[in-house]
Every structure is written in structure tokens, then in C-alpha cells.
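In what follows, a single structure is set out as C-alpha cells and then discussed.
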């Protein structure tokens with residue numbers, strides 16, 4: 042009798058576990074339907090252009106919300122409603138259910154990946170190189186600069202680009218410390234350096250302001266780190282995240298993704314050169 046009671050108890054536990062799993066799956070699957078019925082998705086942003094921005098009239102823009110708005114429309118959710126949040130409060134707010142997704146330049150890191158369900162990469166801050174039109178020396182990486190015994194590269198002193206060039210083997214005397222973007226631009230235009238390196242957004246901003254047809258951007262730099270965000274969903278909302286990823290992939294493949302983010306200065310190629318799995322496992 043005692044044995045039968047134990048078995049019955051174990052069966053009850055197993056049944057409870059199955060029901061719980063089933064309920065969790067249903068809740069997961071129903072999240073998108075909930076948003077459709079609601080008519081909008083609540084998104085957390087930081088009001089940090091060009092990632093996110095809020096105009097005086099309250100309209101939400103920026104590369105991250107614009108991508109999210111388009112994807113949610115394709116999923117049948119008509120609009121997004123934004124809440125401005127500090128970065129440190131975004132994940133706790135998401136976990137507490139104060140919003141449905143974070144679209145705010147929240148870069149993927151292993152500890153964040155353990156706390157939220159990220160989409161595939163959306164906005165990336167990759168390294169870039171500014172060279173003369175046609176890229177006469179064919180630079181694609183810092184190693185390429187190192188291999189050319191006559192090449193010089195300009196970079197901010199103590200910055201990531203200087204360290205990456207030195208680590209790639211460019212001798213110290215061929216890494217030229219540049220005080221600011223305009224100085225680097227002028228040095229390249231005057232032929233005093235062969236390449237100037239900064240993050241993609243900074244390089245694109247320089248080129249836009251210079252309006253010089255004799256310049257060309259190489260981005261992302263091959264082999265250099267790429268830092269990316271993704272739309273961050275609450276753990277348990279993986280079905281919604283997966284549906285978001287499907288539409289994001291379509292957006293990237295069609296070229297619409299580039300049309301949305303590149304006017305803000307972001308590189309679509311950078312986002313498409315890496316993956317969630319790679320970024321979440323980075324040391």
C-alpha cells in the first residue's frame with residue numbers, strides 16, 4: 042500500500058510537471074496574440090540618438106525603434122509605445138513586465154544573454170577604416186596594414202583602434218596618434234596617412250560632413266570585434282522572439298533592413314556578419 046501511495050505521488054508530480062510545461066508553452070505562444078489584441082508593443086528605449094530618439098512631439102524614432110516598428114507591423118502588431126529607461130533598469134523592467142521588449146542599443150554580453158532572450162543582431166558598432174577612393178592598397182584588416190611596410194594608420198591615442206593595430210603587428214612608428222576626427226580626415230586627404238580608423242558610426246559621420254567623393258569607407262574591418270545589440274525579450278517569450286527573428290531575417294535579405302538603419306549611420310553588413318550565438322558566447 043505504501044509503495045502504491047509513493048507511485049501515485051510520483052505520477053502526480055509528473056502530471057503536474059507536464060501540465061506546467063504545457064501551460065508555459067501556451068503562455069509563450071500566446072504572447073504575440075496578446076500584443077495583436079493590444080494593438081501595440083511596449084518598448085524600452087534610452088533616448089540616445091542614433092540608436093533611439095524621442096522628438097518634441099513624443100514621436101519615437103531612431104534605428105532600433107524603426108526596425109522594431111516595421112517588424113511588429115509585419116507580425117500584425119500595429120505600433121510601438123516607448124518608455125525611456127536607464128540602461129541599468131531595462132532588464133529588471135523587462136523581467137517585471139513593465140514593457141514587452143527592449144530596443145535600445147543594449148549590447149549583447151554573456152551575462153545579459155543569460156537574463157533575456159535576444160533576437161539576432163540589429164545594430165552594431167564595428168570598426169571601420171577610411172581610405173582614398175578605390176582603396177588603392179586594398180586594406181580590409183589591420184593585418185593588411187601591418188603587412189605593407191610603407192603603410193601608416195591614424196588612430197585615437199589609447200583607443201581601441203590603436204590597440205587593435207598594434208596587436209595586429211603594425212609597428213609603433215607606423216601607428217600615428219590622431220587627436221580628433223577632423224585631424225584624421227585632413228591627414229588622410231593630404232596623404233600623410235594611408236588609412237584612418239574609427240568605429241563605423243564615427244567614420245560615417247565624418248564622411249557625411251566632409252562630402253568628399255575621393256574618400257571611401259571600409260566596414261566592418263575584417264577580424265576586428267563587432268559589438269551588437271538585439272531586441273531583448275523576457276525569458277519565456279522565446280516564441281515571440283523567434284517570430285521576430287523570422288521577420289528580421291526577411292528584412293535583412295530583402296535590403297529593407299539596410300534602408301532603415303544606414304541613414305542613421307549603422308552598417309547592415311556589420312549586423313549580418315555575426316550572430317546571437319557568437320556574441321553571447323564572447324569572452
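Residue numbers (the numbering used here): 42 to 324. For every residue, glycine included, the Cβ atom is placed at its ideal position computed from N, Cα and C. Remember, predicted model here, so these are calculated numbers, not experimental data.
For residue 224 and residue 309, the gap between their C-alpha atoms comes out near 27 Å. CA-CA distance, residue 250 to residue 208, rounds to 31 Å. Distances from the alpha-carbon of residue 231 to those of 135, 256, 315 put 256 closest. Along the length of the segment 248 to 317, whole beta strand (DSSP E) runs at least 3 residues long occupy 256 to 259, 267 to 269, 273 to 275, reported in chain order. If the five residues before and after residue 115 are omitted, its C-beta is found closer than 7 Å to the C-beta atoms of 288, all from its own chain and listed in chain order.
If you draw a 10 Å sphere on the C-beta of residue 110, you find 16 or more other C-beta atoms in it, and that means buried.
Bridge pairing for residue 148: 270 [DSSP].
For residue 76, same chain residues with a beta-carbon under 6 Å away, outside a window of 5 residues either side, are 82, 118 in chain order. In the DSSP assignment, residue 111 falls within the unbroken alpha helix (DSSP H) covering 104 to 115.
Within the DSSP bridge table, the entry for residue 120 names 81 as partners. The beta carbon of residue 108 sits closer than 6 Å to those of 163, 301, all from its chain and outside the five residues before and after it, given in chain order.
Minimum Cα-Cα distance from residue 241 among the listed residues 78, 91, 74 corresponds to 91.
Approximately 6 Å separates the beta-carbon atoms of residue 167 and residue 260; this is inside 8 Å, confirming the contact. With fewer than three CB-CB distances shorter than 8 Å, the segment 216 to 223 does not count as touching the segment 278 to 296. The C-alpha of residue 150 lies about 11 Å from the C-alpha of residue 271. For residue 157, the pairing in a beta bridge is given by DSSP as 275.
Residue 238 and residue 140 have their C-alpha atoms spaced approximately 38 Å apart.
If you check the CB distance, residue 307 and residue 104 come in under 8 Å. Put simply, the backbone Cα of residue 130 is about 13 Å away from that of residue 142. When the Cα atoms are used, residue 152 and residue 169 turn out to be separated by approximately 27 Å. Unbroken alpha helix (DSSP H) stretches of 4 residues or longer found wholly inside the segment 192 to 257: 201 to 208, 222 to 230, 241 to 251, given in chain order.
Here residue 94 carries a strand assignment [DSSP, helix/strand/coil]. Take residue 247, set aside five residues on each side of it, and the residues of its chain with a beta-carbon closer than 6 Å to its own are 222, 226, in chain order.
277 is the residue among 186, 277, 291, 233 whose C-alpha sits nearest the C-alpha of residue 138. Distance from the Cα of residue 85 is smallest, within the candidate group 295, 127, 79, for 127. Nearest Cα to residue 89 within the set 113, 123, 72: 123. When secondary structure is reduced to three states using DSSP, residue 171 falls in the strand class. When the beta-carbon positions are compared, residue 269 and residue 320 come within less than 8 Å of each other.
In terms of Cα proximity to residue 233, the closest of 203, 279, 193 is 193. Nearest C-alpha to residue 200 among 218, 155, 161: 218.
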